[in-house]
Amino acid sequence: MTATPTGAATRDELGTLLLDLLAAPSPNPPGDVRDVAGVVAAYCDRTGLPYRLDRQAAHRRNLVVDVLGTAGKDGRHLVWNGHLDTFPASGPPSRPRRAGDRVHGRGAVDMKGGVAAFLVAARRLRESAGDLPGRLSLVLVCDEETFGPMGARGLLRRRPDLLGDALVSTEPSSLGLVRVAERGYLWLMVHVPGRSMHAAYPSAGEGAILRAAAFARRLADLVAEINRGLVHPPPTLRDEAMDRLLGEGAARIVREVSLNVGTVRGGLAVNMRPADCRISIDLRVPETVDQQDLLGRVEELAREAGARVEVLGRGPANATDEDAGIVTAVTEAVTRRTGQRPVPSTGIGCTDARLWRYAGVPACVIGPDPATMGADDEHVRLAELEALVDILCDSARQYLSGES
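When we follow the working numbering, the leftmost residue of the sequence shown carries the number 89, and every step to the right adds one.
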């Protein structure tokens, strides 16, 4: 019998683990990660990875895997971070399945594929690291998709030692980009009042939903005005790489304010004017735009519409020096594995990496192709995850040995 090639064995391990992770749905909201955390715990038990469960509530929990070393050990402390929750599905969730080199299912890209790569890399390093100095921790959290308080935010408040000296995340990025920066975010709920009465009567006036729609249109005009006033430098090789790997216009998007109206809630019946309407707003804000000034302008628009703005969450733009040791280690590991040097870039979305950067810890993101992230047919390539496992192991060895 012919032995299974190492690459094929790794892809099979990744495929099996990822299908198990996908078969444990964890949409957020509501954010119940008990089943998927159980899959992670079972893998750790099978492979001898020591872990601790951090329970935040009945259905929210985090896991900390002590891959190498212990608290207080001399040397560098590298932290790997991923999240267990996913976007909610837009329709009935599709059955997780493997088709050749691809694994399909909600969260395959964001980010259960990255979680599977972390776990397989942790198993491999623990079996082969020998006397590698330093410490390596894998932190898998809940509550990331909604930037809630029970995931990485709460865990780091209780366990500041898990800030470590550097962080790597496997959020989607493509292997051609190392994400070293992110725009800030401003999440708002706008409360628009109206007058409830029978819709057919002329004295009913304009309903709250129509008023909310008019507000959203004025807000879109404000964002367009701000973006027209921004000065963009000439395109660079980094810009060309981002447009090629993430889609035309990606390099421009990360330098501008982006707007999304995520939810609209209001009304009781088709024949009644709604008494109120609430719309949730997602603004992503580059470092060149003052976030507080932007909030003030949104609040001014709301006052003109007779509405009220509630801040759901916010965070500033953040960045890691491209010459940081962990960025160098990841960049060189990708180059060795793929033959192509990845480009440092700003991420289009936000990740938990921002929390480490806020604390002054260098952090970077390297992960699978984001092309189908959040799509109805979300899928990831196992060959890409296999390469990611090699990159994680290689970069960890380089960083912990002090070579970067």
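Note that beta-carbon positions come from the ideal geometry of N, C-alpha and C, so glycine has one too.
Fair warning: this is a prediction, and the values are worked out from it, not measured in the lab.
Alpha-carbon to alpha-carbon, Arg194 and Ser182: 7 Å
Span of the beta strand (DSSP E), counted from its first residue to its last, around Leu156: Arg149 to Leu156
Through-space distance from Ala288 to Ile369, alpha-carbon basis: 31 Å
Cross-strand partners of Cys452 (DSSP beta bridge): Val256
CB of Arg212 within 8 Å of CB of Cys481, strictly: yes
Alpha helix (DSSP H) segment containing Arg306, residue limits: Ala296 to Arg316
Those residues which DSSP pairs with His165 across a bridge: Arg223
Leu347 versus Arg306 - alpha carbon distance: 12 Å
Straight-line gap, Thr92 to Ala205 (C-alpha atoms, nearest Å): Low confidence applies here, because Thr92 scores a pLDDT of 41, under 50, leaving its location unreliable; read the following figure in that light. If I take the Cα positions, the gap works out to 19 Å.
Three-state secondary structure assigned by DSSP to Thr351: strand
Where Val415 falls, given that 16 or more other Cβ within 10 Å makes a residue buried: buried
Residues of its chain near Tyr487, where Cβ-Cβ distance is below 7 Å and the 5 sequence neighbours each way are ignored: Arg164, Leu166, Ala254, Gly413, Ile414 and Ala417
Pick from Val399, Leu109, Asn116 and Gly119 that is closest to Gly126, judged by C-alpha positions: Leu109
Segment limits, alpha helix (DSSP H) that includes Met461: Premise fails: Met461 is in no alpha helix (DSSP H) and is neither H nor E.
Three CB pairs or more closer than 8 Å across the segment 402 to 411 and the segment 238 to 245: no
Start-end ranges of the alpha helix (DSSP H) lying completely within the segment 336 to 398, minimum 4 residues: 338 to 341 and 379 to 392
Three-state secondary structure (DSSP) of Met89: In this prediction, Met89 has a pLDDT of 33, which is less than 50 and means its spatial position is unreliable; what the coordinates show is noted afterwards. DSSP places Met89 in coil when its eight states are reduced to three.
Residue burial classification, Leu106 (beta-carbon count within 10 angstroms, cutoff 16): buried
Outcome for Asp162 when other beta-carbon atoms lying within 10 angstroms are tallied against a minimum of 16: exposed
Backbone secondary structure at Ser483 - three-state DSSP: helix
Opposing strand residues paired with Arg140 [DSSP bridges]: Val152
Buried versus exposed call for Thr376 [16 or more other C-beta atoms within 10 Å across all chains shown]: exposed
Residues of its chain near Thr90, where Cβ-Cβ distance is below 8 Å and the 5 sequence neighbours each way are ignored: Only weak support exists for where Thr90 lies, its pLDDT of 38 falling under 50; the coordinates are left without a value.
Rounded C-alpha distance that separates Thr434 from Phe303: 30 Å
Short Cβ contact (8 Å threshold) for Leu83 with Leu156: The chain is shown only over 89 to 492; residue 83 falls outside these bounds and no answer can be derived.
Pairwise C-alpha distance: Ile367 and Val352: 5 Å
Nearest-angstrom Cα separation, counted from Ala130 out to Thr439: 26 Å
Nonlocal neighbours in the same chain, by C-beta distance under 7 Å from Ala145, ignoring five residues either side: Met238
Classification of Cys101 by the beta-carbon crowding that lies within 10 angstroms, buried from 16 upward: Note on identity: in this sequence residue 101 is Glu, with Cys being the wrong assignment. It counts as buried.
Proximity of Leu141 and Val153 at Cβ, strictly below 8 Å: no
Residue interval of the beta strand (DSSP E) (run including Arg186): Arg185 to Ala187
Alpha helix (DSSP H) segment containing Ala329, residue limits: Leu325 to Leu334
Alpha-carbon to alpha-carbon, Arg402 and Asp309: 22 Å
Cβ shell of Asp327 (< 7 Å), same chain only, five flanking positions each side left out: Ala339
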